[in-house]
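Q: The structure's right below; bear with me while I get my questions together.
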Amino acid sequence: MERIYLDCASSKPIDPRVLKLARRYLKHDYGNPSSLHSLGLEAKRALEDARIKVAGLINAENEDTIIFTSSSTEANNLAIRGTALRNIGKGKEVAASAIEHISVLNSMKELQKNGFTFTLIPVDSMGVIDLGKLNEILTKTTTVTSIMYANNEIGTVEPIREISTIVHSKALYLHVDATAAAGYIPIDVQADGIDLLTLSSNDLYGPQGAGALYIKPGIRLQPLLLGGGQERGFRSGTENLFAIAGMGEAARIAKSEIEREAKRLREMSDTLIEEISAIEGSHITGHPTQRLPHHVSFRFDHIEGESILLNMDLYNIQVSTGSACSSKTLEPSHVLLAIGLTHEQAHGSMVLTLGRSNKMEEVSAIVKAVKETVERLRRLSPLSKKEVM
Amino acid sequence: MAQIGYSKKVMEHFMDPKNVGTIESPDGYGKVGNPVCGDLMEMYLEVKDDVITDIKFQTFGCGSAIATSSMVTELAKGKHVDEAMKITRNDVASELDGLPPKKMHCSNLAADALHEAIKDYKEKKEAKEKVNKRAKKTQ
Numbered sequence: 001m002e003r004i005y006l007d008c009a010s011s012k013p014i015d016p017r018v019l020k021l022a023r024r025y026l027k028h029d030y031g032n033p034s035s036l037h038s039l040g041l042e043a044k045r046a047l048e049d050a051r052i053k054v055a056g057l058i059n060a061e062n063e064d065t066i067i068f069t070s071s072s073t074e075a076n077n078l079a080i081r082g083t084a085l086r087n088i089g090k091g092k093e094v095a096a097s098a099i100e101h102i103s104v105l106n107s108m109k110e111l112q113k114n115g116f117t118f119t120l121i122p123v124d125s126m127g128v129i130d131l132g133k134l135n136e137i138l139t140k141t142t143t144v145t146s147i148m149y150a151n152n153e154i155g156t157v158e159p160i161r162e163i164s165t166i167v168h169s170k171a172l173y174l175h176v177d178a179t180a181a182a183g184y185i186p187i188d189v190q191a192d193g194i195d196l197l198t199l200s201s202n203d204l205y206g207p208q209g210a211g212a213l214y215i216k217p218g219i220r221l222q223p224l225l226l227g228g229g230q231e232r233g234f235r236s237g238t239e240n241l242f243a244i245a246g247m248g249e250a251a252r253i254a255k256s257e258i259e260r261e262a263k264r265l266r267e268m269s270d271t272l273i274e275e276i277s278a279i280e281g282s283h284i285t286g287h288p289t290q291r292l293p294h295h296v297s298f299r300f301d302h303i304e305g306e307s308i309l310l311n312m313d314l315y316n317i318q319v320s321t322g323s324a325c326s327s328k329t330l331e332p333s334h335v336l337l338a339i340g341l342t343h344e345q346a347h348g349s350m351v352l353t354l355g356r357s358n359k360m361e362e363v364s365a366i367v368k369a370v371k372e373t374v375e376r377l378r379r380l381s382p383l384s385k386k387e388v389m
Numbered sequence: 001m002a003q004i005g006y007s008k009k010v011m012e013h014f015m016d017p018k019n020v021g022t023i024e025s026p027d028g029y030g031k032v033g034n035p036v037c038g039d040l041m042e043m044y045l046e047v048k049d050d051v052i053t054d055i056k057f058q059t060f061g062c063g064s065a066i067a068t069s070s071m072v073t074e075l076a077k078g079k080h081v082d083e084a085m086k087i088t089r090n091d092v093a094s095e096l097d098g099l100p101p102k103k104m105h106c107s108n109l110a111a112d113a114l115h116e117a118i119k120d121y122k123e124k125k126e127a128k129e130k131v132n133k134r135a136k137k138t139q
């Protein structure tokens, strides 16, 4: 069976065009961008070229607003802890939505341990931020509010511009984790009113090991890593040039293809959503229309997500789940609980994230595998015969 | 090296589980877990002269929950109930060539379900014997 990879939110292959450009920084052009000799200068040029391309993807004011990190996890840590700690004189309150990535939530909790007040902003049953609550929660002393552009587990896209208006009328800085959205939705940090924005290289089909943080001109933050003062002092450590140059090229390609690719993926995911919705006891998770173009997420009554994942893998189709059984903590996904699902409902989740390699022709094989998987696992399940859920 | 993913045997039992289903008016019935934790197992026994002649299960849960259920039915079938009572969670796991460490507790309930079913059988049997004794006395 041909592989059908539907777990692009977890990891993506490097785009061959990216690899072609970036591999020279592993092999021939191995200079350190901080060195002043010719090999160093060549590396520095590659680094700055990547910065321009990443700035271009999000329409940043200029390339100096971009700080490269090792991952979006590091970018989230730097944005939240770095900004809150540097601006501690302006307030000791921080806020984040209940469906943020764990790197955002744990950064917030770390601040909480150090005397900050951390407030969680609830979402509705479709995963949309409760704007009324946001307005209530924020105060003049809320320095960092973190809300993601779109959610990786349920696909919901947040009304970022409305959120930005509220944040800036009541509080200080808005951090947006755009890891899941970038490359699928056009992002304009200036028009959207974003102060800090997180990006990931791999989510753009670049190499793993690079991320970026956009910092609006004028915002000050404290570095997490101290050393040689690379990245304008915000992030010391010799730059991972292979990954960063790759991220730049990946950002350039993403920008040039975003419209066409989003349309293509939307058609495929719409068809999948329609067909999977027809299965009895299936429920879409997240917003039905205000969602990422490549994102298909469901939960099924009476069956469990890890079994779904394993069974789909038997068809050589790779999917993801928010079930407790597949997590390190054995807790179901906090995102699924935040949208109001019960534990038993959250156990039955399946997430399909499409990418460049997927084609419309694959839809029928995917739907067939999902149907057969659901039927088979329900035959094994004691819950199917009773109305427990 | 730590075990990565499931063993081949777990996957075999996941793909093709043995003794799936229910038994109508079983001699013993056991149920453990609950759907809130993500694992629920039901075990059905048919017993003749204290020997398990048939056994069926239904399981809601992850791969190891399904595989351990299947394995425990294989181990228990044909055994005297007192022998079957001695089957432990560890027996089930080792017969499957091991389980990932975090799955050892939460998804390894199959032996417990079997034990519950045997206890149920014994209670029913005792109750029946009492009735029979009384019946004999009144004769």
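Sequence lines, in order, name chains A and B.
Position 137, counted from 1, in the first sequence is what my numbering calls 137; the numbers after and before it change by one each time, with no gaps.
Position 97, counted from 1, in the second sequence is what my numbering calls 97; the numbers after and before it change by one each time, with no gaps.
Note that CB positions come from ideal geometry on N, CA and C, so glycine has one too.
What you are looking at is a predicted structure, and each value in this text was computed from that prediction instead of being measured.
Does B/Lys-133 pass the burial test, meaning 16 or more other C-beta atoms within 10 Å, or should it be called exposed?
A: exposed
Q: Find the residues of chain B that neighbour A/His-343, judging by a C-beta separation of less than 7 Å, and give them in chain order.
A: Per Cβ cutoff of 7 Å: Val-36.
Q: Could you name each continuous alpha helix (DSSP H) segment of 4 residues or more that falls completely within the stretch 91-133 of chain A, going from the start of the chain to the end?
A: 102-113
Q: Going by the DSSP bridge assignment, what does B/Thr-59 pair with across the sheet?
A: B/Met-41
Q: Among A/Asn-87, A/Val-370, A/Ile-99, whose alpha-carbon lies nearest the alpha-carbon of A/Arg-220?
A: A/Asn-87
Q: Can you pull out the residues from the stretch 61-84 of chain B whose beta carbon lies closer than 9 Å to at least one beta carbon of chain A?
A: Gly-61, Cys-62, Gly-63, Ser-64, Ala-65, Ile-66, Ser-69
Q: Where does the unbroken beta strand (DSSP E) through A/Ser-200 begin, and where does it stop?
A: 196-200
Q: Inspect the beta-carbon positions of A/Glu-402 and B/Gly-33 and report whether they are closer than 9 Å.
A: No answer is possible for residue 402 of chain A: it lies beyond the span of chain A, which begins at 1 and ends at 389.
Q: Rounding to the nearest angstrom, what Cα-Cα distance links A/Ala-75 and A/Leu-213 in this structure?
A: 5 Å
Q: Near B/Glu-74, what residues of its chain come up, given a Cβ to Cβ distance below 6 Å and the 5 sequence neighbours on each side ignored?
A: Lys-18
Q: Three or more C-beta pairs under 8 Å: does that hold for the stretch 113-126 of chain A against the stretch 257-271 of chain A?
A: no
Q: Can you tell me where the alpha helix (DSSP H) holding A/His-168 begins and where it ends?
A: 160-170
Q: Going by C-alpha to C-alpha distance, which of B/Ala-127, B/Glu-123, B/Val-92, B/Leu-109 sits closest to B/Ser-7?
A: B/Val-92
Q: Anyone know if the C-beta pair for A/Leu-352 and A/Ser-297 falls short of 9 Å?
A: yes
Q: Taking the continuous beta strand (DSSP E) assigned at B/Lys-31, which residues delimit it?
A: For B/Lys-31, the enclosing beta strand (DSSP E) stretches over residues 28-34.
Q: Which residues in the same chain have their Cβ closer than 6 Å to the Cβ of A/Gln-208, if we skip the five residues on either side of it in sequence?
A: Asn-202
Q: Can you tell me which of the three DSSP states A/Gly-355 falls into?
A: coil
Q: At a CB-CB cut-off below 7 Å, which residues of chain A make contact with B/Glu-42?
A: Pro-382
Q: I'd like the list of long-range same chain contacts for A/Val-18, defined as Cβ closer than 8 Å, with 5 residues on each side in sequence excluded.
A: Tyr-205, Gly-206, Pro-207, Gly-246, Glu-249, Ala-250, Ile-253
Q: Rounded to whole angstroms, what is the Cα-Cα separation between A/Glu-387 and A/Ser-349?
A: Annotation note: pLDDT 45 at A/Glu-387 (below 50); position unreliable, coordinate value reported separately. Cα-Cα distance, rounded: 18 Å.
Q: B/Val-20 touches chain A at which residues, Cβ-Cβ below 8 Å?
A: Arg-379, Leu-380
Q: Restricting to Cα atoms, I'd like to know which of A/Ala-346, A/Asp-301, A/Gly-218, A/Val-363 is closest to A/Asp-270.
A: A/Val-363
Q: Can you name, in chain order, every residue of its own chain whose Cβ lies under 6 Å from the Cβ of A/Gln-290, other than the five neighbours on each side?
A: Val-157
Q: Return the first residue and the last residue of the beta strand (DSSP E) that A/Tyr-173 is part of.
A: 173-177
Q: Considering Cα atoms alone, identify which of A/Gly-31, A/Thr-145, A/Arg-378 is closest to A/Asn-174.
A: The amino acid at residue 174 of chain A is misidentified as Asn; the sequence shows Leu. Here the closest residue by C-alpha is A/Thr-145.
Q: A/Tyr-5 CB to nearest chain B CB: under 9 Å?
A: no
Q: Can you check whether the C-beta of B/Asp-39 is within less than 9 Å of a C-beta belonging to chain A?
A: yes
Q: Consider the Cβ of B/Lys-122: report whether some Cβ of chain A lies at a distance smaller than 9 Å.
A: no
Q: Under a three-way DSSP split, which group does A/Tyr-5 fall into?
A: Residue state for A/Tyr-5 is assigned as strand, using DSSP reduced to three classes.
Q: Under the rule that 16 or more other beta-carbon atoms within 10 Å means buried, what is A/Gln-230, buried or exposed?
A: buried
Q: Can you list, in chain order, the residues of its chain whose CB lies under 8 Å from that of A/Ser-11, leaving out five sequence neighbours each side?
A: Asn-202, Gln-208
Q: The alpha helix (DSSP H) that contains A/Ser-146, what's its start and end?
A: It is not in any alpha helix (DSSP H) - A/Ser-146 instead sits in the beta strand (DSSP E) that spans 142-146.
Q: As a quick exercise: from A/Ala-369, A/Pro-122, A/Glu-331, pick the residue whose alpha carbon is nearest that of A/Val-319.
A: Taking each of A/Ala-369, A/Pro-122, A/Glu-331 in turn and checking the Cα distance to A/Val-319, the smallest one comes out for A/Ala-369.
Q: With a threshold of 6 Å on Cβ separation, who are the neighbours of B/Ile-55 within its own chain once the five nearest residues in sequence on each side are excluded?
A: Scanning its chain for C-beta atoms nearer than 6 Å, with the 5 sequence neighbours on each side dropped, one finds around B/Ile-55 the residues Asn-19, Leu-45, Thr-73, Ala-76, Lys-77, in chain order.
Q: Start and end of the beta strand (DSSP E) containing A/Val-296?
A: It spans 295-300 - the beta strand (DSSP E) in which A/Val-296 sits, taken as one unbroken run.
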